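Everything below concerns the one structure shown next.
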Amino acid sequence: MLAQQLVAATGPVARLLAECARRVQALRERYRTIAAATPEARATTLLREWLSPQQRAQFDAEGYFDVVGCDSGKRYRIHHGTSMNVHEMDKAGYAKSGWCFVPNRRLAAGDVMLAQKIALETCENSALAAANKFAPTQSTFRASRRRPY
Amino acid sequence: MATQIVMDHTGDTRHYFNADDTEALLKAEGRFKALTSAGFTAAVRDAAGDVTVTRSFDPGAEETLFYPRLVGG
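Protein chains in written order, with our numbering: chain A, 42 to 190; chain B, 1123 to 1195.
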């Protein structure tokens, strides 16, 4: 008797909770679809597709990845960002100098980083010839260590 | 299906074409020439993941990425 009353009383609540859960799920799916379509998300997807497996793992873990210059063999670290985000690394793993070169059109960070990676890996000297050199500071270094997503 | 990927403000725009279709291939070659003339760099990635920059249209390239000219920031 008591069990039947409990079932009768909780039935509408359970239905309401189920409906709420269904709506939350639908909203979550919609948000995911919208988020994946943003320029930032699309650029990050493209970047990850073109990174080597090692670079992808480093990017996923640290928010940056290393490339080796095709002409000098020097190591560069490309941080998440759209400018002043490339650091030349010394043998001890510290940022030695910064290089600023960017696409001449406004692009999302992932696209900028991919263009920088390809340039350093395939035509390092001409990329650096166009670049401006800067001294990397602790603040730019710390800021660029944040995970991009 | 071969792909030409052009970086732009939306992230990228992808053009898929059948490399066995002469008309589609001509259109892809025209797009390649138009983009590289406009200052874009074309990079081709092979199946092993190796990337090379190319200045001429490769009808056998599976995936070609175009990025705008790089300038000092």
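Where a beta carbon is used, it is the ideal one built from N, C-alpha and C, also for glycine. Treat the numbers as computed from the prediction; the structure is a model and nothing was measured.
- Listed by position along chain A, the residues whose Cβ is nearer than 8 Å to that of B:G1195 are S124, M125, C141, F142, V143, A172 and N173.
- A:S138 sits in a strand when the DSSP states are folded into three classes.
- If you draw a straight line from the Cα of A:I119 to the Cα of A:L161, it is about 10 Å long.
- With a threshold of 16 other beta carbon atoms within 10 Å, A:Q157 meets it and is buried.
- Taken atom to atom, the span from the alpha-carbon of A:V153 to that of A:Q95 is near 19 Å.
- As DSSP reads the structure, B:M1129 sits in a beta bridge with B:D1134.
- Residue pairing by DSSP places A:L57 in no beta bridge whatsoever.
- Contact residues of the region 1139-1165 of chain B toward chain A are G1161, T1163 and A1165 (C-beta to C-beta distance below 8 Å).
- Contact between the region 101-108 of chain A and the region 120-133 of chain A is established, with three or more Cβ pairs separated by less than 8 Å.
- The Cβ atoms of B:A1124 and B:A1165 do not sit closer than 9 Å to each other.
- Residue environment: A:E70 is assigned as exposed (fewer than 16 neighbouring CB atoms within 10 Å of its CB, all protein chains considered).
- In this structure, DSSP gives B:A1164 an extended state, which the three-state scheme calls strand.
- Against B:H1131, the close residues of chain A are P80, R146, R147, L148 and A149, in the order they occur along the chain (beta-carbon pairs closer than 9 Å).
- Taken through DSSP and simplified to helix, strand or coil, A:D101 comes out as helix.
- In the three-state reduction of the DSSP assignment, A:E129 falls in the strand class.
- With fewer than 16 other beta carbons inside 10 angstroms of its own, A:E60 counts as exposed.
- Taking C-alpha positions only, B:Y1189 is separated from A:L68 by approximately 35 Å.
- B:Y1138 has its alpha-carbon roughly 9 Å from the corresponding atom of B:I1127.
- With a threshold of 16 other beta carbon atoms within 10 Å, B:R1167 meets it and is buried.
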